[in-house]
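Visitor: Got a structure for you, questions after.
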Amino acid sequence: MSDQQDPDLQRAKQAASGADRALDTATRGCTFADEVSSVTDRQVKLAEIGAELARARARGWVWGPELEETHERLQTSAPGLVDQLRRESGDATQRVRGRVEACRARLSRTPVTAASRSDLEAIQEEAEAVKDTVEQEAERLDAVAKPFVEPFDRLKKDVAEAHEHLDRFDQAQFQLAPGEHPFVTGECAWQDAPSGVVNGFLYLTDKRIRFEQKETIKTKKFLFFTASSEDKHECLIDEPIGNIAASDDSTKGLVFKDQLVTIQWQNTRLKKSVFDINSGESAKLWDTWIEELRSGQIAHRMAGGAAAPAPDHGMPVDAPTRCTACDAGLDAPVRGMTVLVCRYCGQRHDLRFS
């Protein structure tokens, strides 16, 4: 019988190969360097994240009351946690390295022959057990690092998203009013726009909601190719938060669910607008943001350094009740309104925010 046809020899080779792979994995893992670096690598980035957070505040980001507190807590806890991980990883290495070396020595001494099949299978079983032990120790160390790693990753994400939102506000066609705080943005499609589906971005501030078209439109086609196109960048909706009568969220589709936000309007030419959110957030989260803004319950999201908004935050103060030009009665202003226009003569009256 040839070597290739001998089942005991084939099983012996498979056992030796399996044991070798398991021991290689255990050898690489038993230093537990990845588990320690999961904290040390993040620790060295804390100063950078702190600087980026301060820069976001300087750019006008007033949201996230927990961000500075989280950053300070991470800075305080990092040195002690690193010491603990190094100590515990060293102890874990001591516990498993001897088993790895002993198993490797047994494998090296055992010939890969049909007669050694049962010995090699026993070595493979021990090698797999050692590898499992290393993985269990790594999971234990990951659990020690988790209270640092998860808040760090959230903080890093929140700060990066703050700058992403601020960048989008900077690149928008519209200008914020004095005292207006940029909040969130989201890529979306206005599903029921008067001219058909329009792609762009939704913008929320503490006082207004806007939709800005931002897409490239094909203007001419030749056969299957685009001959010319036109960039569309225009603010199509710019309404005070008080003109939102209600909002609702829903999903559409079986597998890839469209995230739909429906806004019911009042005191405006629009009656209803449906937006398909494409930026990753759920429609439910957008509905929560809109409802909190609409009802004036947004204070809990503002940082302590920002002026804490009162329940009437965003409501114009000392709004005129009569037109200065024709003396006609003026409509009552709503939350986020910056200008009150006389419906009789068209005179504009600038408003101040609370």
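In this text, residue positions in the sequence shown follow our numbering: the first is 6, and each later residue adds one. Where is the CB? At the ideal position from N, CA and C, for every residue including glycine. Predicted model, so just to flag it, every value in this text is computed and none were measured.
Mapping the DSSP letters down to three states, classify PRO245 as helix, strand or coil.
Guide: strand
Visitor: Taking only three categories from DSSP, how would you classify LYS161?
Guide: helix
Visitor: Can you grab the Cα-Cα spacing for the pair PRO314 / CYS328, in whole Å?
Guide: Here PRO314 scores only 45 on pLDDT, less than 50, and its place in the model should not be relied on; the value that follows carries that caveat. Rounded to whole angstroms, PRO314 to CYS328 spans 29 Å at the Cα level.
Visitor: Counting C-beta neighbours from all protein chains within 10 Å, is the total for ALA312 16 or more, i.e. buried, or is it exposed?
Guide: Low confidence applies here, because ALA312 scores a pLDDT of 45, under 50, leaving its location unreliable and the question unanswered by this model.
Visitor: When the Cβ atoms of the segment 140-150 are set against those of the segment 67-81, are three or more pairs found closer than 8 Å?
Guide: no
Visitor: Three or more beta-carbon pairs under 8 Å between the segment 127-142 and the segment 86-106, yes or no?
Guide: By the criterion of at least three beta-carbon pairs nearer than 8 Å, the segment 127-142 is in contact with the segment 86-106.
Visitor: ILE295 to ARG64, Cα distance in whole Å?
Guide: 23 Å
Visitor: Taking the C-alpha atoms as reference points, what is the distance between PRO316 and PHE206?
Guide: Note that PRO316 scores a pLDDT of 48, beneath 50, so its modelled location is shaky and nothing firm can be said.
Visitor: Use the C-beta contact count for ILE249: other C-beta atoms within 10 angstroms, 16 or more gives buried, fewer gives exposed.
Guide: buried
Visitor: Can you give me the start and stop residues for the beta strand (DSSP E) that SER300 sits inside?
Guide: Element bounds for SER300: not the beta strand (DSSP E) but the alpha helix (DSSP H), 288-300.
Visitor: Let me know the secondary structure DSSP gives LYS18 once reduced to three states.
Guide: helix
Visitor: Below 8 Å between beta carbons: does that hold for ILE282 and VAL266?
Guide: yes
Visitor: On the criterion of 16 or more Cβ atoms from any shown chain inside 10 Å, does LYS223 qualify as buried, or is it exposed?
Guide: Answer is exposed; the Cβ neighbour count stays below 16.
Visitor: Opposite ASN283 in the DSSP bridges: which residues?
Guide: According to DSSP, which records beta bridges pairwise, ASN283 is partnered with nothing at all.
Visitor: Quick check: the segment 16-30 against the segment 128-135, are there 3 or more CB pairs under 8 Å?
Guide: yes
Visitor: Grab the span of the alpha helix (DSSP H) containing GLN80 for me, first residue to last.
Guide: 72-114 is the extent of the alpha helix (DSSP H) around GLN80.
Visitor: May I ask which residues mark the beginning and end of the alpha helix (DSSP H) holding LEU51?
Guide: 51-63
Visitor: By Cβ distance, which residues of its chain are closer than 7 Å to SER121, with the 5 residues on each side in sequence left out?
Guide: ALA17, THR115
Visitor: According to DSSP, is THR273 part of a helix, a strand, or is it coil?
Guide: coil
Visitor: Kindly list the residues whose CB is nearer than 8 Å to the CB of ASP292, restricted to its own chain and excluding five residues on each side of it in sequence; keep chain order.
Guide: SER252, ASP253, ASP254, VAL266
Visitor: Distance, Cα to Cα, GLY201 vs ASP236?
Guide: Cα-Cα distance, rounded: 17 Å.
Visitor: Cβ atoms of ARG47 and VAL154: under 8 Å apart, would you say?
Guide: yes
Visitor: Could you pull the start and end residues of the beta strand (DSSP E) that ASP39 belongs to?
Guide: From DSSP, ASP39 is part of no beta strand (DSSP E) but of the alpha helix (DSSP H) over 38-48.
Visitor: Pull up the distance between the alpha-carbon of HIS238 and that of CYS193, whole angstroms please.
Guide: 14 Å
Visitor: Determine the direct distance from the alpha carbon of ARG111 to that of ASP88, and round the result to whole angstroms.
Guide: Each residue's Cα considered, the two are about 35 Å apart.
Visitor: Quick check on GLN196: does DSSP put it in helix, strand or coil?
Guide: coil
Visitor: Please determine, among HIS186, ILE303, CYS240, GLY301, the residue with the shortest C-alpha to C-alpha distance to GLU61.
Guide: Note that residue 61 is Ala in the sequence shown here, rather than Glu. Residue HIS186 is the option with its Cα nearest to ALA61.
Visitor: As a quick exercise: from ARG299, ARG33, LEU72, ARG213, pick the residue whose alpha carbon is nearest that of ALA56.
Guide: LEU72
Visitor: Helix, strand or coil: which one does DSSP assign to PHE174?
Guide: DSSP places PHE174 within a helical segment (H, G or I) once states are collapsed to three.
Visitor: How far does the beta strand (DSSP E) with ASP355 in it extend, from its first residue to its last?
Guide: 353-355
Visitor: So the beta strand (DSSP E) THR210 belongs to, where does it begin and stop?
Guide: 203-210
Visitor: Relative to the alpha-carbon of PHE174, which residue among GLY191, MET307, ASP13 has its alpha-carbon at the smallest distance?
Guide: GLY191
Visitor: DSSP on ILE189, reduced to helix/strand/coil?
Guide: For the sequence presented, residue 189 should be read as Val rather than Ile. Looking at VAL189 - three-state DSSP - the assignment turns out to be strand.
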